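Undergrad: Pasting in a structure now, in structure tokens, and then I'll have a few things to ask.
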């Protein structure tokens, strides 16, 4: 179980402006247009431009394949000047490694990884502790789509994740960016204290990550965050290449609630 920092983490200061601005956090949850290396190279500059325009503070990338050390999510991070943590349960010696990635333009003080049960190809979950103005914020990343995808397996993985959050959050504001196969009702019931940024499930992502259930989203702790807005991340058509929905971006505001030890 490894969380691999692919790049030196940038320690850029938060954007200047009003105090309220540094209490806002934008988080994207997405999948890349294709896991095929050749098709990815056709669209990566277009994806890079899209994310450059959106400028999310944090990007959660689901279902990343790292082949012979080449990692498309960390390639994006290097071009965006973000940090990149590749969260995987596969050993470094494996030629093709499966995982998810966490990209951040905010300073990262801590990170971690755990394995959700039942284990599967993408069952490693990760976390980053970020500095947002004068506050520390925890961002967790998970793909809660067990195989086979049944209610008991979903509940077990979600319970593992919530237990890990309880053990590592240290009372700090926390959110979960990921892909969820549970229905919205089941998801809310199994993640007490968290609220989906999307009130209703949207269209599936490019590679089918949201093909069933709630789909790609950002869950935020209602006692620590308020939702400002959410928007679909849409990759425009490019010649013969079709337009695609890659995921969702949530803009959240940190509430004035002091952190307590949980």
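Numbering (my numbering), first residue to last: 694 to 955.
Cβ atoms here follow ideal geometry from the backbone N, Cα and C, with glycine treated the same way.
Quantities reported herein were computed from a predicted structural model and do not represent experimental measurements.
(1) With C-beta atoms as the reference, is residue 983 less than 8 Å away from residue 880?
(2) Thinking C-alpha only, which one of 790, 782, 754, 732 is nearest residue 760?
(3) Measure the alpha-carbon distance for residue 921 versus residue 943 and round it to whole angstroms.
(4) Excluding sequence positions up to five away, which residues of its chain have a Cβ less than 6 Å from the Cβ of residue 736?
(5) Relative to the alpha-carbon of residue 927, which residue among 933, 941, 934 has its alpha-carbon at the smallest distance?
(6) In whole angstroms, give me the CA-to-CA distance for residue 828 and residue 851.
(7) By the DSSP assignment, the beta strand (DSSP E) with residue 807 in it spans what residues?
(8) Just to confirm, is the Cβ distance from residue 797 to residue 775 under 8 Å?
(9) Note down the Cα distance separating residue 717 from residue 817, rounded to an integer number of angstroms.
(10) Just checking my contact of residue 855 with residue 819 at CB under 8 Å: how many whole Å lie between their CB atoms?
(11) Okay, do the stretch 865 to 876 and the stretch 831 to 849 touch, 3+ Cβ pairs below 8 Å being the bar?
(12) Going by C-alpha distance, which of 860, 748, 824 is nearest residue 806?
(13) Looking at the structure shown, is residue 851 part of a helix, part of a strand, or coil, going by DSSP?
(14) Do the CB positions of residue 948 and residue 912 come within less than 8 Å of each other?
(15) When the distance is taken between beta carbons, is residue 885 closer than 8 Å to residue 849?
(16) When you compare only the Cα positions, how much space is there between residue 740 and residue 723?
(17) Using a 10 Å radius around the Cβ and a threshold of 16 neighbouring Cβ atoms, would you call residue 902 buried or exposed?
(18) Looking at residue 831: is its Cβ nearer than 8 Å to the Cβ of residue 822?
TA: This is what the structure gives:
(1) Past the boundaries of the shown model lies residue 983; the chain is included only from 694 to 955, so the question cannot be answered.
(2) 790
(3) 8 Å
(4) 726
(5) 941
(6) 27 Å
(7) 801 to 808
(8) yes
(9) 28 Å
(10) With a Cβ gap of about 15 Å, residue 855 and residue 819 do not count as contacting.
(11) yes
(12) 860
(13) helix
(14) no
(15) no
(16) Answer to the nearest angstrom: the Cα atoms are 11 Å apart.
(17) The predicted position of residue 902 is uncertain, since its pLDDT is 46 and thus under 50; a value taken from the coordinates is nonetheless stated next. Buried, since its Cβ has 16 or more Cβ neighbours within 10 Å.
(18) It is a contact, given that the beta carbons lie within the stated cut-off.
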